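Note sheet for the following structure.
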Amino acid sequence: MITDFYSKHRDCQYHAQACDAFQKVLQQEESGDISAQLKTTAHAALQDNRYIFKAVLHAIEYLGRTNQGLRSHREDRFCPTRFIDGLDSVFNFLELFDAAVEYFNDADQSVYNNIVNPVTIVALHVLQALLGAIRGLAVVLQGKAMDLIAASEEADRILRLLKAWRSDCEDAKFKEVFAAAEELHKKHHGDQPIPDKYRASASHRSQHRSNAQGASVSDTFKLNIWYPALDLIIIELSECFSKSAKVAMQMAKLLPAFCAGPDSAESTLAAAKAFEEYAAFLDMPAVCLAEFERWQAFCCDLPETERNDMTISQAIKRCNPSLWPNVCKLLTIFLTTPVTTCTAERSFSTLRLLKTYTRSTMGERRLNGLALLAVHKDILLDYNRVVEEYSRRFDPRAPSTLSHGLNDS
1 MITDFYSKHR DCQYHAQACD AFQKVLQQEE SGDISAQLKT TAHAALQDNR
51 YIFKAVLHAI EYLGRTNQGL RSHREDRFCP TRFIDGLDSV FNFLELFDAA
101 VEYFNDADQS VYNNIVNPVT IVALHVLQAL LGAIRGLAVV LQGKAMDLIA
151 ASEEADRILR LLKAWRSDCE DAKFKEVFAA AEELHKKHHG DQPIPDKYRA
201 SASHRSQHRS NAQGASVSDT FKLNIWYPAL DLIIIELSEC FSKSAKVAMQ
251 MAKLLPAFCA GPDSAESTLA AAKAFEEYAA FLDMPAVCLA EFERWQAFCC
301 DLPETERNDM TISQAIKRCN PSLWPNVCKL LTIFLTTPVT TCTAERSFST
351 LRLLKTYTRS TMGERRLNGL ALLAVHKDIL LDYNRVVEEY SRRFDPRAPS
401 TLSHGLNDS
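Going by the UniProt record's numbering, the letters in the sequence shown line up with residues 1 to 409, in that order.
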């Protein structure tokens with residue numbers, strides 16, 4: 001299919017015209033035309049275009065050899081608040097590593113040296129391994145329709161996996177990562193392994209992280225890159241999915257789909273933990289548990305299709321606050337709990353109300369002033385001082401007269 005696509009493109013008129021134009025440019029350059037030599041700026045631009053064209057040709061050739069089709073649209077703009085895009089950029093860069101090395105070897109030698117640096121190569125492979133472990137969880141958490149129970153369980157599995165990597169005495173996972181990094185290093189350094197000098201340089205070059213020196217090159221990278229990155233992700237996951245957060249997520253088991261059937265025991269346990277966590281807003285635990293048993297009986301009487309398809313908002317409508325007041329409070333708490341901090345910030349953000357589409361060119365100073373007024377609504381303003389400050393800035397003679405006039409009125 002892709003081979004037919006390339007053949008069709010090769011035979012089209014546009015491709016033939018482009019090749020003819022390029023051949024004319026080469027002939028003009030080889031003939032030494034005086035007009036081309038006098039235009040030094042045009043000649044420099046021609047050289048730059050040749051480098052770009054060479055990289056494009058190599059990319060097309062690489063895609064043809066690997067049987068990959070050309071993309072017919074531009075990539076979306078990178079958004080720093082979208083974690084998935086930043087995560088995928090690591091995988092994409094490693095996939096296109098060979099093409100990037102070939103391009104920057106001709107275009108920018110300093111960037112080329114940084115890319116083929118062993119520290120960069122090892123760090124990229126470490127990121128690929130660690131971020132690959134948490135990518136599925138990130139996709140679930142940033143999706144519009146998500147299962148909090150599945151996300152919580154997946155977070156537990158990821159934590160167990162990462163802790164197993166950390167406590168492994170043989171460091172099998174790191175050896176696998178380092179072997180892949182060293183293979184890529186050999187590919188671009190004449191089949192030479194990572195030099196022993198990086199055993200010291202990798203540890204002493206940085207002043208902003210651990211500088212432990214290992215017995216070998218792999219041990220140095222393990223102590224200074226693998227362990228710190230692994231520990232950071234474990235700590236962040238443990239904080240994001242703390243005990244209280246897991247209790248809030250487990251409240252999803254109060255839905256009718258979990259209250260009836262084989263998951264009823266887990267639903268009762270989740271309800272008991274939720275009653276204990278939010279005891280300040282509920283009745284006594286014994287009353288709450290008895291009420292929840294009545295809620296389970298009500299869920300069992302519902303038709304199976306209705307029970308399995310019922311969402312949290314539909315469950316609140318069916319939950320009579322006079323019959324099940326505590327269950328209704330828990331469902332309300334669960335419904336208003338944001339999935340992520342970004343969800344709450346975007347829903348209740350003051351900036352969303354202030355900087356609208358028609359105010360998109362607002363300056364920073366005015367935006368800060370409006371934001372302060374909107375956030376601190378409880379602070380009463382002295383309008384006399386506002387008018388006095390305004391008049392003082394635009395007419396130095398006005399403040400005293402204007403302030404006296406306002407006070408007299």
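No residue lacks a Cβ here, since even glycine has one placed at the ideal position from N, Cα and C. Keep in mind that this is a model prediction, so the values were computed, not measured.
Identify, in the order they occur along the chain, each residue of the same chain with its Cβ nearer than 7 Å to the Cβ of residue i, setting aside the five sequence neighbours on each side.
i: lysine 329; result: Phe281 and Leu282
i: leucine 161; result: Ala133
i: valine 177; result: His125, Val126 and Ala129
i: leucine 331; result: Leu254, Ile312, Ala315, Ile316 and Cys319
i: isoleucine 225; result: Val122, Ala123 and Val126
i: isoleucine 379; result: none
i: glutamate 364; result: none
Looking only at its own chain, which residues have a Cβ that is under 8 Å from the Cβ of residue i, when we skip the five neighbours before and after it?
i: glycine 132; result: Phe91
i: alanine 272; result: Pro285 and Leu289
i: leucine 150; result: Checking the sequence, you will find alanine at residue 150 rather than leucine. Closer than 8 Å at the Cβ level, and outside the excluded window around alanine 150, lie Val140.
i: proline 325; result: Asp283 and Glu291
Can you tell which of the options has the C-alpha that lies nearest to the C-alpha of residue i?
i: lysine 222; options: Val287, Leu127, Ala297 and Leu184; result: Leu127
i: alanine 274; options: Phe292, Ala315, Met251 and Ala181; result: Met251
i: lysine 197; options: Arg366, Val119 and Ala179; result: Val119
i: isoleucine 158; options: Glu102, Glu95 and Cys240; result: Cys240
i: alanine 123; options: Gln23, Ser264, Glu306 and Ala180; result: Ala180
i: alanine 138; options: Gln17, Asp88, Arg392 and Thr220; result: Asp88
i: alanine 290; options: Val327, Asp309, Leu302 and Glu306; result: Val327
i: histidine 189; options: Ala18, Thr220 and Tyr112; result: Tyr112
i: aspartate 168; options: Leu230, Gly136 and Ala18; result: Leu230
i: phenylalanine 97; options: Lys187, Arg135 and Gln109; result: Lys187
Straight-line CA distance for residue i to residue j?
i: lysine 317; j: alanine 374; result: 34 Å
i: serine 347; j: leucine 335; result: Here the model assigns serine 347 a pLDDT of 47, short of 50, so the residue's position is not dependable, and the following value carries that caveat. Looking at the two C-alpha atoms, the distance is approximately 14 Å.
i: serine 218; j: glutamine 192; result: 15 Å
i: proline 228; j: isoleucine 194; result: 21 Å
i: leucine 232; j: arginine 294; result: 45 Å
i: leucine 323; j: threonine 268; result: 18 Å
i: phenylalanine 264; j: glutamine 296; result: Note that residue 264 is serine in the sequence shown, not phenylalanine. The alpha-carbon atoms of serine 264 and glutamine 296 are separated by roughly 8 Å.
i: alanine 260; j: cysteine 300; result: 5 Å
i: glutamate 388; j: phenylalanine 394; result: 10 Å
i: residue 410; j: arginine 166; result: The structure shown does not extend to residue 410, since the chain spans only 1 to 409, so no value can be given for it.
i: leucine 141; j: aspartate 85; result: 14 Å
i: proline 256; j: glutamate 95; result: 46 Å
i: asparagine 105; j: asparagine 117; result: 13 Å
i: glutamate 183; j: valine 101; result: 15 Å
i: aspartate 309; j: asparagine 384; result: 60 Å
i: serine 153; j: phenylalanine 298; result: Strictly speaking, residue 153 in this sequence is glutamate, with serine absent from that position. When rounded, the distance between both Cα atoms is 27 Å.
i: arginine 366; j: histidine 376; result: 16 Å
i: valine 386; j: lysine 163; result: 59 Å
i: glutamate 170; j: isoleucine 234; result: 19 Å
i: valine 287; j: proline 321; result: 14 Å
i: alanine 21; j: alanine 44; result: 18 Å
i: glycine 214; j: threonine 220; result: 4 Å
i: alanine 16; j: lysine 24; result: 12 Å
i: glutamate 306; j: arginine 135; result: 33 Å
i: glutamate 304; j: asparagine 368; result: 54 Å
i: phenylalanine 292; j: leucine 302; result: 16 Å
i: leucine 381; j: methionine 362; result: 23 Å
i: alanine 18; j: glutamine 27; result: 14 Å
i: arginine 74; j: alanine 99; result: The predicted position of arginine 74 is uncertain, since its pLDDT is 46 and thus under 50; no value can be drawn from it.
i: phenylalanine 93; j: aspartate 48; result: 23 Å
So, under 8 Å CB-CB, residue i and residue j are touching, yes? Tell me the CB distance rounded to an integer number of Å.
i: leucine 354; j: leucine 370; result: 5 Å
i: leucine 237; j: alanine 155; result: 6 Å
i: isoleucine 115; j: histidine 185; result: That pair is no contact at about 11 Å.
i: tyrosine 278; j: isoleucine 333; result: 6 Å
Which same chain residues, not among the five before or five after residue i, have their C-beta less than 6 Å away from its C-beta?
i: phenylalanine 258; result: Ser267
i: alanine 270; result: Gln250 and Lys253
Answer yes or no: the CB of residue i versus the heavy atoms of the ligand FMN, is any distance below 7 Å?
i: alanine 123; result: The ligand FMN is absent from the structure shown, which contains no ligand whatsoever.
4-residue-minimum alpha helix (DSSP H) runs that sit fully inside the stretch 149-193, ordered along the chain:
172-187
Give, in chain order, every unbroken run of the alpha helix (DSSP H) that is at least 4 residues long and sits entirely within the stretch 252-340.
256-259, 264-277, 285-301, 304-309, 312-318 and 325-336
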